[in-house]
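Visitor: All letters in the sequence shown, in the order written, are residues 1 to 217 by full-length UniProt numbering. Where a beta carbon is used, it is the ideal one built from N, C-alpha and C, also for glycine. Only a predicted model underlies this, so the values are computations on that prediction, with no experimental measurement involved.
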Amino acid sequence: MSETSTTLIQILEGALLAAGRPLTVAQLGELFEEHERPPNADLREALGVVAERCTDRGFELVEVASGFRYQVRQSLSPWVGRLWHERPQKYSRAMLETLALIAYRQPITRGEIEEIRGVAVSSNIIKTLHEREWVRIVGHRDVPGRPAMYATTRQFLDYFNLKNLDQLPALAEIRDLETLNAELGFNEPLPAAAAQHAEVENLSGPDETSPDHGMTH
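#1: Would you check if the stretch 101 to 120 and the stretch 58 to 74 touch, i.e. whether three or more CB-CB distances between them fall below 8 Å?
#2: Does DSSP classify residue 143 as helix, strand or coil?
#3: For residue 149, which beta-bridge partners are listed by DSSP?
#4: Evaluate contact between the stretch 121 to 130 and the stretch 26 to 35, counting only Cβ atoms and requiring at least three cross-stretch pairs below 8 Å.
#5: Within 10 angstroms of its Cβ, does residue 7 collect 16 or more other Cβ (buried), or is it exposed?
#6: What residue range does the alpha helix (DSSP H) around residue 28 cover?
#7: Applying the 10 Å Cβ sphere with the 16-neighbour rule, what's the burial state of residue 43?
#8: If you follow the alpha helix (DSSP H) that residue 70 is in, where does it begin and where does it stop?
#9: Restricting to runs no shorter than 4 residues, where is the alpha helix (DSSP H) found entirely within the stretch 36 to 61?
#10: Which residues in the same chain have their Cβ closer than 7 Å to the Cβ of residue 11, if we skip the five residues on either side of it in sequence?
#11: Which same chain residues, not among the five before or five after residue 145, have their C-beta less than 8 Å away from its C-beta?
#12: Using only CA atoms, which one of 162, 76 and 94 lies nearest to residue 120?
#13: Leaving aside the five residues before and after residue 37 along the sequence, list all residues of the same chain whose C-beta is less than 6 Å from its C-beta, in chain order.
#14: What distance in whole Å lies between the Cβ atoms of residue 151 and residue 135, which are believed to be in contact at a cut-off of 8 Å?
#15: Taking the C-alpha atoms as reference points, what is the distance between residue 154 and residue 138?
#16: Looking at the structure shown, is residue 170 part of a helix, part of a strand, or coil, going by DSSP?
#17: So, for residue 99: in the same chain, excluding its five sequence neighbours on each side, which residues have a beta-carbon less than 7 Å away from its beta-carbon?
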């Protein structure tokens, strides 16, 4: 390996470690002056070498929707997770079902989610999904009342280690909600440089009510 290639790899390793967030190939290219900027193909090749160097390490380089990032291997989460004393994350069945419907049926309105599930979606669930930046409003359905349409975000893809929605497990492969929970990996790998920013929230109180109890959207 040439000295130039070695330097390029070291620069990328340092940037990925220091950033604490995913970096795209374009963002990595911006680290260099215009006259010294490597072609994208060279950057991707160097990133491949960086990933290979992680093979026998406790962390790995992965590509998610927002770019490339280091993260702790998921198999090590039982030990690494003990660095934080918060209780494990808990997600209600109602929240999982709501998130799954948005992911697979987007764009979808709250009313359409309620129609499929047969129960009203609590405001607390929608609020939590918004606060986690997993869903966003992408428009309004052209029907009376113009209800908001929800879709997943880039942060949703990043959290579940997905590059795009095509990587979601096929619905035909999902036998039940527990399978979906495992497929999406709610016990996700901890980002190596940003795990300290992880937040733990528990839904409290009732998650849903019958649509006949006056819930509106």
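Guide: Well, looking at it:
#1: No, because fewer than three Cβ pairs between the stretch 58 to 74 and the stretch 101 to 120 fall closer than 8 Å, the two stretches do not touch.
#2: In the structure shown, residue 143 sits in coil (DSSP, three-state: anything other than H, G, I, E or B).
#3: The bridge partners DSSP lists for residue 149 are 109 and 139.
#4: For the pair of segments examined, the stretch 121 to 130 was found not to touch the stretch 26 to 35: the number of CB pairs separated by less than 8 Å stays below three.
#5: Per the 10 Å Cβ criterion, exposed.
#6: For residue 28, the enclosing alpha helix (DSSP H) starts and ends at 25 to 29.
#7: Around the C-beta of residue 43, 16 or more other C-beta atoms lie within 10 Å, and the residue is accordingly described as buried.
#8: It is not in any alpha helix (DSSP H) - residue 70 instead sits in the beta strand (DSSP E) that spans 67 to 72.
#9: Runs of the alpha helix (DSSP H) inside the stretch 36 to 61: 40 to 53.
#10: Excluding five sequence positions before and after residue 11, the CB atoms of its chain that fall closer than 7 Å to its own CB belong to 31, given in chain order.
#11: Take residue 145, set aside five residues on each side of it, and no residue of its chain has a beta-carbon closer than 8 Å to its own.
#12: Scanning 162, 76 and 94 for the CA closest to the CA of residue 120 turns up 94.
#13: Same-chain partners within the cutoff: 29.
#14: Contact holds; Cβ gap of about 7 Å.
#15: Each residue's alpha carbon lies about 13 Å from the other.
#16: Coil.
#17: Hits under 7 Å: 129 and 134.
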